[in-house]
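Worksheet: one structure, shown below.
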Amino acid sequence: MRRLFLAALLLLPTLALADVDARFAQLRDQAEALGSLSTFLDKYIGECSGVFVSPSCRSDAEAFRGKYGGRKLYMIVGEEAATMLSPGPYQPGSGNYTIQVVPSFPGGSYALTQGTPTQTDSAGNPLLPLIRITGTTPEGWAATDYLRLFSARQIRAQIVFTPQGVWTLPRKQGLGKLQGVAARVEAILLTHARTGEPLGLWFAEGAAAGGGKKGKKK
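Throughout, my numbering is defined as the position within the sequence shown, counted from one, plus 1441.
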């Protein structure tokens, strides 16, 4: 019995992966896993300012951008860092909901964004169109259970993206500049951080083989 129990534990990661939407799994498996978004953004932007900057800083950044041109990358945004998620409409009768995603993913002094922002909001953050991801709560859930996903930070995001270039915006009141990396976000999978249960799935048009519809629910 003990051996059967241990075997079941070993199979759990495999079973969890098997539950992932096949289209998302295909994109994820085609992508390079990203260890640290902040390190990637630092190297990709290559701001090269300060006294102790290497003479090869700019050429190193150009080579790094060339290396990742057109390449898909995969990252996980942990629940504590998933501040770009917020609750949208919730229907008590059906349990249908919408999770709103501001497609700006911070990493150190920079951010990865869906496309190139041209304006900032009142708080000085890049202004970007929302991505809306739909889903349905488990049977027996109420609105309070749905809202607790956000108040208790129980949502994890998995993202496949392709970097496209560097953007720069002036800060409010002329206080320096904002910089980040523009990307094509190919797909976003939201899961419950504790159970791994899928909460919603979104594809950019044409991101997966056979196409994918925005707001597609798992």
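The beta-carbon is built from N, C-alpha and C at its ideal position, and this holds for glycine as well.
Comparing alpha carbon positions, the residue from GLY1576, MET1516, THR1609 closest to SER1535 is GLY1576.
Listed in chain order, the beta strand (DSSP E) elements of length 3 or more contained wholly in the region 1494–1558 are 1514–1518, 1526–1531, 1537–1542, 1545–1548, 1551–1555. Under the criterion of beta carbons closer than 8 Å, PHE1546 and LEU1478 qualify as touching, at roughly 7 Å. Here LYS1508 is exposed: its Cβ has fewer than 16 other Cβ atoms, across all protein chains shown, within 10 Å. Around the beta carbon of PHE1602, 16 or more other beta carbons sit within 10 angstroms, so the residue counts as buried.
With fewer than 16 other beta carbons inside 10 angstroms of its own, LYS1613 counts as exposed. In the DSSP annotation of this structure, ALA1628 is not part of any alpha helix (DSSP H); the continuous beta strand (DSSP E) holding it starts and ends at 1618–1633. In terms of Cα proximity to GLN1541, the closest of GLY1549, LEU1571, PRO1533 is LEU1571. The three-state secondary structure of ALA1645, taken from DSSP, is coil. Here PRO1639 is bridged, per DSSP, to THR1632.
DSSP places ARG1597 inside the beta strand (DSSP E), whose first and last residues are 1596–1611.
The closest CA to that of VAL1622, considering only ARG1589, ASP1483, VAL1461, GLY1476, is found on ASP1483. By the C-beta density criterion, ARG1597 is buried, having at least 16 other C-beta atoms within 10 angstroms.
In the structure shown, THR1578 falls within a coil segment according to DSSP collapsed to helix, strand and coil.
Under the 10 Å beta carbon count, LYS1618 is surrounded by fewer than 16 other beta carbons and is classified as exposed. Residue state for ALA1474 is assigned as strand, using DSSP reduced to three classes. With respect to LEU1642, ILE1600 sits apart: the two C-beta atoms are not nearer than 8 Å. Beyond the five residues adjoining it in sequence on each side, GLU1473 comes within less than 6 Å, by CB distance, of LEU1514 in the same chain, given in chain order.
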